[in-house]
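A.B. asks: Can you read through this structure? Questions will come right after.
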Amino acid sequence: MVLISASMYLYLSPALPDVQTLKDFKLQTPMRVLSADGQLIAEYGEKRRAPLTYGQIPTRFVQALIAIEDKRFEEHHGVDPIRFGRVVLDLLMTGDREGAGGSTLTQQVARNYFLTQQKTFTRKFTEILLALKMESELSKPEIFELYINKHFLGYRSYGVQAAATVYYGKDINDLTLPQMAMIAGLHQAPSSANPIANPQRAKKRRNTVLLAMRDNQFITDVEYQTAIQTDISGNYHGNNPEFEAFYLAEMVRAEMLERFGLAAYDDGYTVYTTVNSELQKAANRGVRKTLIDYSRRHGYLGPELHLGEQDPSQQLDMAGLNELDRIGGLIPALVVPGDELGLYVIPKGETRPVLLPMADLSWARKRITVDEQGPAIKLPEDIAIPGDIVRLEQTPQGWQLAQIPFVQGALVALAPLDGSVQALVGGFDYQRSKFNRAVQSNRQPGSNFKPFIYGAALDKGYTPATIVNDAPIVRSDSTLEGVWRPKNSGDRYLGPIPLRQALYQSRNLSSIRVLDDIGVQYARDYVSRFGFDTERLANDMTLVLGSTAMSPMEIATGYAVFANGGYRVEPYFIDRIEDSNGNIVFQANPAIVCRGCPDAPNAFAPADASRTIALDIQPLTLNIDDGPASSTAPSQVKRYAPQVVSPQTAFLIDSMLKDVVLLGTARAARRALPRDDLAGKTGTTNDAVDAWFTGYNGDYVASTWVGYDSNTSLGYNEFGGKAALPGWVAFMTAALINKPTNNLSQPVGIVQVRIDPKTGLLAKPGTQGARFEFFKADNVPTTFTSTTLNIDFSVDQQAPQPVFDSLAEDDPEILF
Numbered sequence: 001m002v003l004i005s006a007s008m009y010l011y012l013s014p015a016l017p018d019v020q021t022l023k024d025f026k027l028q029t030p031m032r033v034l035s036a037d038g039q040l041i042a043e044y045g046e047k048r049r050a051p052l053t054y055g056q057i058p059t060r061f062v063q064a065l066i067a068i069e070d071k072r073f074e075e076h077h078g079v080d081p082i083r084f085g086r087v088v089l090d091l092l093m094t095g096d097r098e099g100a101g102g103s104t105l106t107q108q109v110a111r112n113y114f115l116t117q118q119k120t121f122t123r124k125f126t127e128i129l130l131a132l133k134m135e136s137e138l139s140k141p142e143i144f145e146l147y148i149n150k151h152f153l154g155y156r157s158y159g160v161q162a163a164a165t166v167y168y169g170k171d172i173n174d175l176t177l178p179q180m181a182m183i184a185g186l187h188q189a190p191s192s193a194n195p196i197a198n199p200q201r202a203k204k205r206r207n208t209v210l211l212a213m214r215d216n217q218f219i220t221d222v223e224y225q226t227a228i229q230t231d232i233s234g235n236y237h238g239n240n241p242e243f244e245a246f247y248l249a250e251m252v253r254a255e256m257l258e259r260f261g262l263a264a265y266d267d268g269y270t271v272y273t274t275v276n277s278e279l280q281k282a283a284n285r286g287v288r289k290t291l292i293d294y295s296r297r298h299g300y301l302g303p304e305l306h307l308g309e310q311d312p313s314q315q316l317d318m319a320g321l322n323e324l325d326r327i328g329g330l331i332p333a334l335v336v337p338g339d340e341l342g343l344y345v346i347p348k349g350e351t352r353p354v355l356l357p358m359a360d361l362s363w364a365r366k367r368i369t370v371d372e373q374g375p376a377i378k379l380p381e382d383i384a385i386p387g388d389i390v391r392l393e394q395t396p397q398g399w400q401l402a403q404i405p406f407v408q409g410a411l412v413a414l415a416p417l418d419g420s421v422q423a424l425v426g427g428f429d430y431q432r433s434k435f436n437r438a439v440q441s442n443r444q445p446g447s448n449f450k451p452f453i454y455g456a457a458l459d460k461g462y463t464p465a466t467i468v469n470d471a472p473i474v475r476s477d478s479t480l481e482g483v484w485r486p487k488n489s490g491d492r493y494l495g496p497i498p499l500r501q502a503l504y505q506s507r508n509l510s511s512i513r514v515l516d517d518i519g520v521q522y523a524r525d526y527v528s529r530f531g532f533d534t535e536r537l538a539n540d541m542t543l544v545l546g547s548t549a550m551s552p553m554e555i556a557t558g559y560a561v562f563a564n565g566g567y568r569v570e571p572y573f574i575d576r577i578e579d580s581n582g583n584i585v586f587q588a589n590p591a592i593v594c595r596g597c598p599d600a601p602n603a604f605a606p607a608d609a610s611r612t613i614a615l616d617i618q619p620l621t622l623n624i625d626d627g628p629a630s631s632t633a634p635s636q637v638k639r640y641a642p643q644v645v646s647p648q649t650a651f652l653i654d655s656m657l658k659d660v661v662l663l664g665t666a667r668a669a670r671r672a673l674p675r676d677d678l679a680g681k682t683g684t685t686n687d688a689v690d691a692w693f694t695g696y697n698g699d700y701v702a703s704t705w706v707g708y709d710s711n712t713s714l715g716y717n718e719f720g721g722k723a724a725l726p727g728w729v730a731f732m733t734a735a736l737i738n739k740p741t742n743n744l745s746q747p748v749g750i751v752q753v754r755i756d757p758k759t760g761l762l763a764k765p766g767t768q769g770a771r772f773e774f775f776k777a778d779n780v781p782t783t784f785t786s787t788t789l790n791i792d793f794s795v796d797q798q799a800p801q802p803v804f805d806s807l808a809e810d811d812p813e814i815l816f
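First residue of the sequence shown: 1, per the working numbering; consecutive thereafter.
So, in structure tokens, the structure goes:
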């Protein structure tokens, strides 16, 4: 036998692999995506694994594994001499079988990392030689680490930490003695003897481990007796995110794949995003509630499906119900026989019927079209019959009938001081539609775009008190295919009004006249300051009406300039990336707002009515790469956001947008959030195809959009302040709770004087309706009002007499 062994050694030893490679061996470890506050968003990769160092492994688990797999692990040098002879003898006699119980932990490591599972004499002898070599070059703790992190232990879990998570939802250090024994016993038959697939077999194996621990004096007999009486408690704990941010997770996955290729899935990267988990939850709730409520306003689409008649005298068939998933927070429910008091349903997960009273079902008239509904509901069967599947919303007031909406929505929230994405929702439910409307859609923003044009006007001599005419326009325009007749909502016109009022009441005709005066090309070049691609911008008068399609991310980024006092920030969503060893391989280095910093770039030109302003500012991107990745945290030079609008212009626009919330089309926001630091703008396009609201304070800027992917109308009387604003309000209500007001401070060069709003000139003592207005110091009126008003129609080819009217309570703004 000695001679045979020596011969095999001389034959096989030159071809043995280098054991030192195990010190740098990379285990396939999934990528984890976390929120800024460390909560799990998603995990990507074929194998669930969380490698541990020896020092992280609890002593009791080490004892359990040694007791059942290799009780002389600390004593031998790779091969157990007591069993070695028996193993060799068995191999010589059979030629293709492993000796029962012959492999030490070290031998198993050698087999798992270097060899195949083929049962031959040559493979077995190579395994022994490798084990001896490993013991001479690696420490016992290093060998133990390799063992516990490699093995498949069932349900896509590899390694003991992953198994502890899968079966018990805990860190291995938090497991009880019986649970540790269960994990230690899985190595023998992980697929068939785990506590989920076969609890009885798993319990038997667990008790074998506990017995071995007792026999090796790792535990007392009392501990053993107590442990074996413990029931099997394992349940499947899948890769469940701690909150929903699937649209953002997909953005991270795509970015990581571009950076690292397929290695992103297996090299154990941990990605910390900028998203705040609580703000993301608020965004999810806000968007979903908005879409569910919109869907209710336009009638009921009917039950989701019919499972067949349910016999109340027999056990109900719940199989079909249990196969349905929750969608957008809406829970499926089975309609069961009841009475005329209402609809009786059994929600998924419940065992007893609940009553949806008739008083709560009046909205569920059959939808015929988006604006037409069927007759009033009189009986429960007008809505659904037993055997139907309906959807329920769980509210503080109890269960409410709902339906999965066809309408979609999006929300993007940024921190205006650095552009970090705080929350992002790309649709009602990611599993239902993976199209990310927050960044991938291009929709007309309507009047949501007006503030950018008004900013251009302020930098060309306009003031918030400048009188502009809100009267009809009829124009022949070859670029618009003939006669153009833009309108205000309901054909209502206010005549001469201040620029401030024109913005907060979203007057289209006033805005068109402003653009006509300052020039389309000037406005296009100016708007590029906010990150918009000049080439995409409309090159005609519809520019001010928001005819250029954009994403919510682009709009939110533009509004951040107003929120932060004039600085352009770049949106980013990855804060840092760590490798499997915790080394930072990427750290975001965003350009931050630094008011008054001498090193901050200044990209805005002074107000000059005689020249066109064009800045070399690239279109908006979401590129987070600030340089090559390094193995350690890079030392970074602080970057400052460029100032693209003067502090004075930003302050004036902010002041005017605050009036949108205080007096204009977004008054509902002020009623819900009685704060003085909220500003924003609604937007509605032709036929109410798109509804928007973008608003902010000093902490957050958020843009919401609602519409159909099919570009069909949202329906009569749906507009930004009704369809989109509620989602923004829900988000900001949660985001700003317990936060003090955060307003822009009044910059140097802004003065406030008392004016006559009818003329925009200085008010004389006793002038009726006089009020204070902000001005740039160079634009303060120098003459007093004479109360005489001249209306100039010179920009119109045909100008009918204006029809003066007042703003309706919830006046929508229409594109053209």
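The beta carbon of each residue, even a glycine, is placed where N, CA and C say it ideally should be.
In the DSSP assignment, what are the bridge partners of Lys280?
C.D. replies: Counted from its first residue, the sequence shown places residue 280 at position 280. Inspection of the sequence shows that residue 280 is occupied by Gln rather than by Lys. Note: Gln280 sits in no beta bridge, so no partner.
A.B. asks: Could you pull the start and end residues of the beta strand (DSSP E) that Tyr272 belongs to?
C.D. replies: For the purposes of this step, residue 272 is taken as residue 272 along the sequence shown, with counting starting at 1. Element bounds for Tyr272: Thr270 to Thr273.
A.B. asks: With respect to 6 Å, is the separation between the Cβ of Phe61 and the closest non-hydrogen atom of the ligand MG below this value?
C.D. replies: Here there are no bound small molecules, and the ligand MG is not part of this structure.
A.B. asks: For the segment 162-173 against the segment 183-201, do three or more pairs of beta-carbon atoms, one drawn from each stretch, fall closer than 8 Å, so that the two count as touching?
C.D. replies: Touching, per the Cβ criterion.
A.B. asks: With distance defined between alpha-carbon atoms, name the residue in Lys348, Trp363, Leu343 and Lys366 nearest to Leu356.
C.D. replies: Looking up residue 356 in the sequence shown gives position 356. When only C-alpha atoms are compared, the closest one is Leu343.
A.B. asks: Run the CB neighbour count on Tyr430, radius 10 Å, all protein chains shown included, and call it buried at 16 or more, exposed below.
C.D. replies: As a first step, residue 430 is located in the sequence shown; it is residue number 430 there, counting from the start. Buried, because 16 or more other Cβ atoms sit within 10 Å of the Cβ of Tyr430.
A.B. asks: Can you give me the C-alpha to C-alpha distance between Lys658 and Val474, rounded to a whole angstrom?
C.D. replies: Here the question's residue 658 lines up with position 658 in the sequence shown. Here the question's residue 474 lines up with position 474 in the sequence shown. Cα to Cα, Lys658 sits roughly 32 Å from Val474.
A.B. asks: Nearest by alpha-carbon distance to Ser646: which of Leu673, Asp325 and Pro601 is it?
C.D. replies: What you label residue 646 is simply residue 646 of the sequence shown in a count that begins at 1. The candidate whose alpha carbon is nearest that of Ser646 is Pro601.
A.B. asks: Can you check whether the CB of Tyr700 is closer than 7 Å to the CB of Ala735?
C.D. replies: As a working mapping, residue 735 is identified with position 735 in the sequence shown. As a working mapping, residue 700 is identified with position 700 in the sequence shown. Yes, these two residues count as a Cβ contact at 7 Å.
A.B. asks: Helix, strand or coil: which one does DSSP assign to Thr694?
C.D. replies: Looking up residue 694 in the sequence shown gives position 694. The answer is strand: DSSP assigns Thr694 an E or B state.
A.B. asks: Leaving out the 5 sequence neighbours to the left and right, which residues in its chain are closer than 7 Å to Trp399 when beta-carbon positions are compared?
C.D. replies: In the sequence shown, residue 399 corresponds to position 399, counting from 1. Closer than 7 Å at the Cβ level, and outside the excluded window around Trp399, lie Pro347, Val354, Leu356 and Leu392.
A.B. asks: Could I get the ranges of all uninterrupted alpha helix (DSSP H) runs contained in the segment 398-459, with 4 residues as the minimum, in chain order?
C.D. replies: For the segment 398-459, whole alpha helix (DSSP H) runs of length 4 or above, ordered along the chain, are 450-458.
A.B. asks: Kindly indicate which three-state DSSP category Lys776 falls into: helix, strand or coil?
C.D. replies: Counting from 1 along the sequence shown, the entry for residue 776 is found at position 776. Strand, per DSSP.
A.B. asks: If you draw a straight line from the alpha carbon of Thr557 to that of Leu414, how long is it in whole angstroms?
C.D. replies: Indexing the sequence shown from 1 puts residue 557 at position 557. Indexing the sequence shown from 1 puts residue 414 at position 414. Cα to Cα, the separation comes out at about 8 Å.
A.B. asks: Contact check, Gln818 vs Gly299 under 8 Å by CB: the rounded distance?
C.D. replies: Coverage of the chain is limited to positions 1 through 816, which leaves residue 818 absent and any answer about it impossible.
A.B. asks: Restricting to Cα atoms, I'd like to know which of Ala264, Thr53 and Arg206 is closest to Gly159.
C.D. replies: The residue labelled residue 159 in the question sits at position 159 within the sequence shown. Among Ala264, Thr53 and Arg206, the Cα nearest to that of Gly159 is on Thr53.
A.B. asks: Does the separation of the CB atoms of Ser703 and Val345 fall below 7 Å?
C.D. replies: As a position in the sequence shown, residue 703 is number 703, starting the count at 1. As a position in the sequence shown, residue 345 is number 345, starting the count at 1. The answer is no: Cβ separation not under 7 Å.
A.B. asks: Which residue comes first and which comes last in the beta strand (DSSP E) that contains Asn469?
C.D. replies: Here residue 469 is taken as the residue at index 469 of the sequence shown, counted from 1. Taken as a continuous stretch (DSSP letters only), the beta strand (DSSP E) holding Asn469 covers Ile467 to Asp470.
A.B. asks: Assuming Val514 and Val544 form a contact by the criterion Cβ under 8 Å, report the distance between their Cβ atoms to the nearest whole angstrom.
C.D. replies: Residue 514 sits at position 514 when you count from the first residue of the sequence shown. Residue 544 sits at position 544 when you count from the first residue of the sequence shown. Yes, Val514 and Val544 are in contact; Cβ-Cβ is about 7 Å, under 8 Å.
A.B. asks: CA-CA distance, Tyr526 and Ala456?
C.D. replies: Residue numbering aside, residue 526 sits at position 526 when the sequence shown is read from its first letter. Residue numbering aside, residue 456 sits at position 456 when the sequence shown is read from its first letter. The straight-line gap from Cα to Cα measures roughly 6 Å.
A.B. asks: Would you identify the three-state DSSP class for Asp654, choosing helix, strand or coil?
C.D. replies: Sequence index remark: in the sequence shown, residue 654 carries index 654 (1-based). DSSP places Asp654 in helix when its eight states are reduced to three.
A.B. asks: Pairing CB atoms from the segment 523-541 with CB atoms from the segment 666-675, are three or more of them under 8 Å?
C.D. replies: The segment 523-541 vs the segment 666-675: no contact.
A.B. asks: According to DSSP, simplified to helix, strand and coil, what is Thr542?
C.D. replies: Numbered from 1 along the sequence shown, position 542 holds the residue referred to as residue 542. In the structure shown, Thr542 sits in a helix (DSSP, three-state: H, G or I).
A.B. asks: With Tyr54 as the anchor, note down where its beta strand (DSSP E) starts and where it stops.
C.D. replies: Locating residue 54 in the sequence shown gives position 54, counting from the first residue. Note, Tyr54: premise wrong, no beta strand (DSSP E); not H, not E.
A.B. asks: Taking the beta strand (DSSP E) that Leu356 falls in, what are its first and last residues?
C.D. replies: Taking the first residue of the sequence shown as 1, we reach residue 356 at position 356. Looking at the DSSP string, the run of the beta strand (DSSP E) that includes Leu356 is Val354 to Pro357.
A.B. asks: Taking C-beta to C-beta, are Gly683 and Asn448 nearer than 7 Å?
C.D. replies: Position 683 of the sequence shown holds residue 683. Position 448 of the sequence shown holds residue 448. Taking 7 Å as the Cβ cut-off, Gly683 and Asn448 qualify as a contacting pair.
A.B. asks: From Ser35 to Glu258, what does the alpha carbon distance come to, in whole angstroms?
C.D. replies: Translated into positions along the sequence shown, residue 35 becomes position 35. Translated into positions along the sequence shown, residue 258 becomes position 258. Answer to the nearest angstrom: the Cα atoms are 20 Å apart.
A.B. asks: Do the CB positions of Ala538 and Gln444 come within less than 7 Å of each other?
C.D. replies: Here residue 538 is taken as the residue at index 538 of the sequence shown, counted from 1. Here residue 444 is taken as the residue at index 444 of the sequence shown, counted from 1. Cβ distance not < 7 Å, so Ala538 and Gln444 don't count as in contact.
A.B. asks: Can you list, in chain order, the residues of its chain with a C-beta nearer than 7 Å to that of Ala591? Leave out the 5 residues immediately preceding and following it.
C.D. replies: Locating residue 591 in the sequence shown gives position 591, counting from the first residue. Once the five neighbours on either side are set aside, the close Cβ partners of Ala591 are Val569, Glu570, Arg639, Tyr640 and Ala641.
A.B. asks: Can you tell me which of the three DSSP states Ile82 falls into?
C.D. replies: For the purposes of this step, residue 82 is taken as residue 82 along the sequence shown, with counting starting at 1. Here Ile82 sits in helix by DSSP.
A.B. asks: Identify every residue that forms a DSSP beta bridge with Met31.
C.D. replies: Taking the first residue of the sequence shown as position 1, residue 31 is located at position 31. In DSSP, Met31 forms a bridge with Tyr44.
A.B. asks: So, Trp692 versus Ala724, is the Cβ gap smaller than 7 Å?
C.D. replies: For the purposes of this step, residue 692 is identified with residue 692 of the sequence shown, where counting begins at 1. For the purposes of this step, residue 724 is identified with residue 724 of the sequence shown, where counting begins at 1. Yes, these two residues count as a Cβ contact at 7 Å.
A.B. asks: Between which two residues does the alpha helix (DSSP H) harbouring Thr733 extend?
C.D. replies: Sequence index remark: in the sequence shown, residue 733 carries index 733 (1-based). That run of the alpha helix (DSSP H) goes Leu725 to Ala735.
A.B. asks: May I have the straight-line CA-CA distance separating Lys739 from Val660, to the nearest angstrom?
C.D. replies: Position 739 of the sequence shown holds residue 739. Position 660 of the sequence shown holds residue 660. If you take the alpha carbons of Lys739 and Val660, they lie about 22 Å apart.
A.B. asks: I'd like to check one pair, Val79 with Ile128: are the Cβ atoms closer than 7 Å?
C.D. replies: If you number the sequence shown from 1, residue 128 lands on position 128. If you number the sequence shown from 1, residue 79 lands on position 79. A contact, by the Cβ cut-off of 7 Å.
A.B. asks: On a Cα-Cα basis, can you pick out the residue from Arg595, Phe452 and Gly409 that is closest to Asn284?
C.D. replies: Position 284 of the sequence shown, counted from the first residue, corresponds to residue 284. The residue with the shortest Cα to Cα distance from Asn284 is Gly409.
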